[in-house]
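At position 94 of the sequence shown the residue is numbered 155 (this note's numbering), and the sequence of numbers has no breaks.
Here the structure comes first, spelled out in structure tokens, and everything after it is commentary.
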Amino acid sequence: MSILSAKVAVVIGGHGGIGGAIAERFATEGATVYASSRRTQARDVERGAGRLLERSLDASDVTALDAFFDSVRREAGRVDVLVVNAGLSEFAPLETLTAEHFDRTFALNVRALLFATQAATAIMPAGGTIVLIGSIAAAIGTPGYGVYGASKAAVRSFARTWANELAPRNIRVNVVAPGPTDTAMMAATSAEVREQLNRLIPLGRMARVEEVAAAALFLASDQSSFITGAELPVDGGMAQV
Numbered sequence: 062m063s064i065l066s067a068k069v070a071v072v073i074g075g076h077g078g079i080g081g082a083i084a085e086r087f088a089t090e091g092a093t094v095y096a097s098s099r100r101t102q103a104r105d106v107e108r109g110a111g112r113l114l115e116r117s118l119d120a121s122d123v124t125a126l127d128a129f130f131d132s133v134r135r136e137a138g139r140v141d142v143l144v145v146n147a148g149l150s151e152f153a154p155l156e157t158l159t160a161e162h163f164d165r166t167f168a169l170n171v172r173a174l175l176f177a178t179q180a181a182t183a184i185m186p187a188g189g190t191i192v193l194i195g196s197i198a199a200a201i202g203t204p205g206y207g208v209y210g211a212s213k214a215a216v217r218s219f220a221r222t223w224a225n226e227l228a229p230r231n232i233r234v235n236v237v238a239p240g241p242t243d244t245a246m247m248a249a250t251s252a253e254v255r256e257q258l259n260r261l262i263p264l265g266r267m268a269r270v271e272e273v274a275a276a277a278l279f280l281a282s283d284q285s286s287f288i289t290g291a292e293l294p295v296d297g298g299m300a301q302v
């Protein structure tokens, strides 16, 4: 049996890159997956034992988030697995960053994550799982990415708190913290930048999106049934050694 068979999963930020890989993997493992993104059109696709239901959503709009989860409740009745991947990363050194940059980053990376989790847990049964996509930027001080790193540190803090708050309902909350990952966005950077990053990673290369999806699947499934409040880095050792 597929390890997410008959589960209802929601992936916020589930189009392309890491989020798209997670949504696809969950569907092939038997879940009915609602994958949201600002950049997608609504469509339903069979994926092996599961289904992938792509929906358009601006996760930074709390009213739209509530409407999205209300539609999931009407169609599926519950959310067994939540993944929050929606996020924004922009270069902004201290001397040039603006209030608009701060607000834009925290609206998507923190506020959207908070209210998506609130809405999902309102219709999540006992045994549910929440996987928040953080970043090793929360643990290392990357010049020019202070606001982004702070937003991901908030994600880590939320996971610890919610793991305690939701434990009485047998809902687990964990974080996947990717390092540099080989996405289309990364491919748009210069070869020099990519090579510099590779040299900082003990394993000598960036993560593949499928490797991040595998970590999310582990934390979303019963294979990690006694793990909560934890952070799983997928960084080739970059922030670990």
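All residues carry an ideal CB built from backbone N, CA and C; glycine is no exception.
Residue i Cβ short of 7 angstroms to the ligand FAD heavy atom set
{"i": "Arg255", "result": "Ligands displayed in this structure: none; no statement on the ligand FAD is therefore possible."}
Limits of the beta strand (DSSP E) - the one that residue i falls within
{"i": "Arg172", "result": "No beta strand (DSSP E) holds Arg172; DSSP gives it neither H nor E."}
{"i": "Val72", "result": "69-73"}
Beta carbon of residue i nearer than 8 angstroms to that of residue j
{"i": "Val140", "j": "Leu114", "result": "no"}
{"i": "Leu158", "j": "Val71", "result": "no"}
{"i": "Thr166", "j": "Glu156", "result": "no"}
{"i": "Val254", "j": "Ala276", "result": "no"}
{"i": "Gly75", "j": "Ile83", "result": "yes"}
{"i": "Val273", "j": "Val237", "result": "yes"}
{"i": "Pro239", "j": "Ile64", "result": "no"}
Nearest-angstrom Cα separation, counted from residue j out to residue i
{"i": "Thr204", "j": "Ile73", "result": "The sequence shown places Pro at residue 204, rather than the Thr named in the question. Straight-line Cα distance between these residues: approximately 28 angstroms."}
{"i": "Gly298", "j": "Pro263", "result": "6 angstroms"}
{"i": "Ala92", "j": "Val216", "result": "25 angstroms"}
{"i": "Arg266", "j": "Arg135", "result": "44 angstroms"}
{"i": "Ala224", "j": "Leu118", "result": "26 angstroms"}
{"i": "Thr182", "j": "Ala252", "result": "42 angstroms"}
{"i": "Gly109", "j": "Glu161", "result": "43 angstroms"}
{"i": "Ala249", "j": "Ala168", "result": "25 angstroms"}
Opening and closing residue of the alpha helix (DSSP H) in which residue i lies
{"i": "Gly80", "result": "78-89"}
{"i": "Thr166", "result": "160-167"}
{"i": "Asn231", "result": "From DSSP, Asn231 is part of no alpha helix (DSSP H); its letter is neither H nor E."}
{"i": "Ala128", "result": "123-137"}
Three-state class that DSSP yields for residue i in the structure shown
{"i": "Ile288", "result": "coil"}
{"i": "Ile64", "result": "coil"}
{"i": "Ile201", "result": "coil"}
{"i": "Gly210", "result": "helix"}
{"i": "Glu107", "result": "strand"}
{"i": "Arg112", "result": "strand"}
CA nearest to the CA of residue i, picked from the options
{"i": "Phe287", "options": "Gly265, Leu258, Asn235", "result": "Asn235"}
{"i": "Gly210", "options": "Pro229, Val192, Gly189, Phe163", "result": "Phe163"}
{"i": "Phe176", "options": "Ala103, Gly189, Ala198, Ala128", "result": "Ala128"}
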